[in-house]
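Chemist: Please read through the structure below; I'll follow up with questions.
Residue numbers (this note's numbering): 6 to 93.
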C-alpha cells in the first residue's frame with residue numbers, strides 16, 4: 006500500500022467515525038437512548054474482531070471443502086456466512 010493509499014484509507018475511517026458520532030449526537034438530542042446504545046455497539050472493537058475471526062473461519066472452511074466433503078461443515082460454513090451478513 007502506498008503512503009497515499011494509506012492516508013486515503015485513514016481519512017475514510019475518520020469520516021466514518023465522524024458520521025457515527027454525528028448519528029449518536031442526533032440520537033442524544035432526540036432523547037433516543039436505544040439508538041445511542043446501538044451506535045455504541047456497532048463500533049465495538051470486540052464485534053469487529055469477532056467479525057474478522059468469523060470471516061477467516063469461513064475462508065478456511067471454503068478452502069478445505071474439497072478435502073473434507075462433510076455436509077455438516079458445509080452447513081456450518083453457510084450458517085457462519087449468514088450470521089456474518091446479519092451482523093454487519
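Even glycine gets a Cβ: it sits at the ideal position worked out from N, Cα and C.
Run the CB neighbour count on residue 53, radius 10 Å, all protein chains shown included, and call it buried at 16 or more, exposed below.
Modeler: Exposed, since its Cβ has fewer than 16 Cβ neighbours within 10 Å.
Chemist: Grab me the residues of residue 62's own chain with a C-beta within less than 7 Å of its C-beta, minus the 5 sequence neighbours each way, in chain order.
Modeler: Counting only Cβ-Cβ distances below 7 Å, and skipping sequence neighbours, we find 85.
Chemist: Is the separation between the beta-carbon of residue 56 and that of residue 92 shorter than 8 Å?
Modeler: Result yes, Cβ atoms of residue 56 and residue 92 sit closer than 8 Å.
Chemist: Taking Cβ positions, are residue 66 and residue 89 nearer each other than 8 Å?
Modeler: No, Cβ-Cβ distance for residue 66 and residue 89 is not below 8 Å.
Chemist: When you compare only the Cα positions, how much space is there between residue 82 and residue 31?
Modeler: About 38 Å.
Chemist: For the alpha helix (DSSP H) holding residue 56, just list the boundary residues, first then last.
Modeler: That run of the alpha helix (DSSP H) goes 50–68.
Chemist: Check residue 17 in the structure and name its three-state DSSP category.
Modeler: It is helical.
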